[in-house]
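Data first, discussion second: the structure below is written as structure tokens.
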């Protein structure tokens, strides 16, 4: 039986060789081989364009129209129209139209109408339609998508870049996503990263787990920690927002060069006193402060955070509404927390000194009943599991210094 299979294979091999000779020198219906130059075209393989190629180990040709399959690697010194599939490596000096699949690496000079899929890397000297690899993709222009386990690099991406570590491009129209950092001078769409995004101009959305950096933003910056830009025509959302000018900043600390910055002291109906920084744009500002309770010694350490909105402002008057959370503790089991909506009419004594006092509506929770001796007007209260809960009307008063 083995002898019969061997004879059939040799006969087919010789038959295809004869067919190849009968066709024009640069055209061939098929190319079979073990490794270069042990094939039906021998040392002349680079002079033929084939409709079908199959090589047990490696193969070489001048072009492929159809399917080219290699056990290890295939090299084409021309164009591929169809599919090129190898166990390890594909290399095409010309253009690929169709599909390129390799266990490790795909290389081509142009693949603007092709999908490149590799276990390790796709490297394209020209343009690419689709690239997916386990580690690294590179192309000049990507019309569609780039997916890589570690990094994507392109001059321009018109679609999607997604990688586990970093995505880099000169310009992106669409979306850029990476687990660590997304870097592109120009973004028209969305830039998303687990740690940081870096861009010069953003038209759309910049989202990062820690930090967004841009010069000009027309849209939204959202981060878990810091947003930084020169000009923002839109919204910055983060714990810390930094800008020369910004339409709306939503965060605890907002360092806007042309914005509003006030440092003040205040006291409420529970004798909670805080040193507070209010910072932001002309309308929305962040609130962060530290303080203590002036009567209850077990509530030594206080922290305050919130957001405020400027409802109206004139030369001598200002009206703000704030949502503020206050928490006081001794870090030994005694604590007091209160969330308040407070309306703060403000009298401007001078350009830099503002006096404010106004009503508040609060929900409070305390493990220390002594902390509620001065709770203003109680609307509702309840003791549950040895903790005191209440809704009450109170007040907040203090002084701010604008700088």
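Residue numbers (the numbering used here): 2 to 404. Where is the CB? At the ideal position from N, CA and C, for every residue including glycine.
Next item on the list: Going by DSSP, name the residue or residues bridged to residue 109.
Entry: Residue 109 is bridged to 125.
Next item on the list: May I ask which residues mark the beginning and end of the beta strand (DSSP E) holding residue 326?
Entry: Bounds of the beta strand (DSSP E) holding residue 326 are 318 to 330.
Next item on the list: Grab the span of the beta strand (DSSP E) containing residue 297 for me, first residue to last.
Entry: Counting along the chain, no beta strand (DSSP E) covers residue 297, and no H or E run does either.
Next item on the list: Keeping to the same chain, check which residues put their C-beta closer than 7 Å to that of residue 151; ignore five residues upstream and five downstream.
Entry: Counting only Cβ-Cβ distances below 7 Å, and skipping sequence neighbours, we find 136, 137, 164, 165, 166.
Margin query: By the three-class DSSP mapping on this structure, what secondary structure does residue 46 have?
Written below: Assignment of residue 46 by DSSP, reduced to helix, strand and coil, places it in the helix class.
Checklist line | Reference residue 143; option with closest CA among 133, 149, 134, 155 | finding: The option with the nearest alpha carbon to residue 143 is 155.
Next item on the list: Could you check what DSSP says for residue 269 in three-state terms: helix, strand or coil?
Entry: When DSSP states are grouped into helix, strand and coil, residue 269 belongs to the strand group.
Checklist line | Selected residue, minimal CA-CA separation from residue 193, among 202, 222, 171, 217 | finding: Nearest of 202, 222, 171, 217 to residue 193, Cα basis: 222.
Margin query: Can you tell me where the beta strand (DSSP E) holding residue 248 begins and where it ends?
Written below: Segment 241 to 251, the beta strand (DSSP E) holding residue 248.
Check: If you compare alpha carbons, which of 147, 191, 362 is closest to residue 343?
Finding: With distances taken between Cα atoms, residue 343 lies closest to 362.
Item checked: Nearest-angstrom beta carbon gap, residue 44 and residue 33 [assumed within contact, 8 Å] -> With a contact defined as Cβ atoms closer than 8 Å, residue 33 and residue 44 miss out at about 15 Å.
Check: By DSSP, does residue 394 sit in helix, in strand, or in coil?
Finding: Residue state, collapsed to three classes: strand.
Check: Taking C-beta to C-beta, are residue 125 and residue 117 nearer than 8 Å?
Finding: It is a contact, given that the beta carbons lie within the stated cut-off.
Notebook entry, point to check: Taking residue 186 as the reference, which of 261, 229, 217 has the closest Cα?
Noted result: When only C-alpha atoms are compared, the closest one is 217.
Checklist line | Continuous beta strand (DSSP E) stretch holding residue 170: start and end | finding: First-last of the beta strand (DSSP E) with residue 170: 167 to 179.
Note to self: To the nearest angstrom, how far is the alpha carbon of residue 341 from that of residue 289?
What the structure shows: The straight-line gap from Cα to Cα measures roughly 14 Å.
Notebook entry, point to check: Considering residue 336, what are the terminal residues of the beta strand (DSSP E) in which it resides?
Noted result: Its beta strand (DSSP E) spans residues 336 to 349.
Notebook entry, point to check: Run through DSSP, which three-state label would residue 80 get?
Noted result: Coil at residue 80, not helix or strand.
Check: Closer than 7 Å: is that where the CB of residue 149 sits relative to any heavy atom of the ligand GTP?
Finding: Of the ligands one can find in the structure shown there are none, so the ligand GTP has no counterpart to examine.
Next item on the list: Could you give the DSSP three-state label for residue 151: helix, strand or coil?
Entry: When DSSP states are grouped into helix, strand and coil, residue 151 belongs to the coil group.
Margin query: Using only the alpha-carbon positions, how far apart do residue 385 and residue 330 sit?
Written below: Taking the straight line from one Cα to the other gives about 19 Å.
Margin query: Across the region 79 to 86 and the region 59 to 71, are there enough close Cβ pairs to call them in contact, namely three or more that are closer than 8 Å?
Written below: Contact between the region 79 to 86 and the region 59 to 71 is present, because at least three Cβ pairs lie under 8 Å.
Check: Tell me, which residues are paired with residue 1 by DSSP?
Finding: This structure gives no information on residue 1, because the portion of the chain shown stretches from 2 to 404.
Item checked: Cα-Cα separation, residue 278 to residue 254 -> Answer to the nearest angstrom: the Cα atoms are 8 Å apart.
Next item on the list: Would you identify the three-state DSSP class for residue 356, choosing helix, strand or coil?
Entry: Residue state for residue 356 is assigned as strand, using DSSP reduced to three classes.
Notebook entry, point to check: Distance, Cα to Cα, residue 21 vs residue 37?
Noted result: Confidence in residue 21 is poor, its pLDDT being 44 and thus under 50, which makes the residue's placement unreliable; the coordinate value appears in the next sentence. Distance from the CA atom of residue 21 to the CA atom of residue 37, rounded to whole angstroms, is 17 Å.
Note to self: Please report the straight-line C-alpha distance between residue 382 and residue 240, rounded to a whole angstrom.
What the structure shows: Computed Cα separation, rounded: 33 Å.
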